[in-house]
Amino acid sequence: MSRRRKHGEAEDNSEIDLTPMLDVVFIMLIFFIVTASFVKESVIDTMIPPPNEQQNPPDEDNPSIVVTIRSNDDIWMEDRRIDVRAVRANIERMHAEHPKAAVVVRAHIKSSAKSYVAIADAAREAKVYNIALVPYDEQI
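Next comes the structure, spelled out in structure tokens:
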């Protein structure tokens with residue numbers, strides 16, 4: 721029973737097969753699920769040493785440039801509160817006085833990493849590359 725087409729009659733077989741497209745979409749979905757499960761956030765892990773009762777004597781020949789970050793992200797240098805924009809200028813001034821001095825960032829464990837990164841960047845802009853992070857937990 722073959723059916724003959726009449727002249728001018730169009731074929732109604734114009735459907736698109738979506739099966740291959742769905743296969744590709746499911747493969748992409750599986751790929752993104754698998755790769756997203758392995759992404760880990762990086763954090764700065766710090767170990768706080770036990771408190772030392774004996775204080776080391778200060779090194780008069782090579783003093784450190786100490787920058788303190790409090791728990792509310794206030795930045796202190798030389799017993800005064802300073803703005804984050806003034807850190808570079810202060811480090812440059814102190815580094816000019818003591819060229820071999822290292823920058824020591826005393827950061828409270830509840831302070832944000834953003835403050836530490838801003839201070840480290842300011843020190844690098846001031847051409848000081850010896851930067852140490854010292855976390856602390858006590859109240860000042």
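Going letter by letter, the sequence shown gives residues 721 to 860 in the numbering used here. We treat Cβ as the ideally placed atom computed from N, Cα and C, and that holds for glycine.
C-alpha distance - residue i paired with residue j, whole-angstrom precision
{"i": "Met-721", "j": "Thr-739", "result": "Confidence at Met-721 is low in this model, with a pLDDT of 49, below 50, so its placement is unreliable and no value can be given for it."}
{"i": "Asp-737", "j": "Val-745", "result": "14 Å"}
{"i": "Leu-853", "j": "Val-837", "result": "10 Å"}
{"i": "Met-797", "j": "Lys-820", "result": "18 Å"}
{"i": "Ala-843", "j": "Ala-822", "result": "10 Å"}
{"i": "His-815", "j": "Ser-784", "result": "9 Å"}
{"i": "Arg-808", "j": "Val-786", "result": "13 Å"}
{"i": "Ser-734", "j": "Lys-834", "result": "59 Å"}
{"i": "Val-824", "j": "Ile-839", "result": "10 Å"}
Residue i - DSSP class collapsed to helix/strand/coil
{"i": "Pro-740", "result": "helix"}
{"i": "Val-837", "result": "helix"}
{"i": "Arg-790", "result": "coil"}
{"i": "His-818", "result": "coil"}
{"i": "Val-745", "result": "helix"}
{"i": "Ala-852", "result": "strand"}
Beta-carbon gap between residue i and residue j smaller than 9 Å
{"i": "Ile-829", "j": "Tyr-849", "result": "no"}
{"i": "Ala-846", "j": "Ile-789", "result": "no"}
{"i": "Arg-801", "j": "Asp-794", "result": "yes"}
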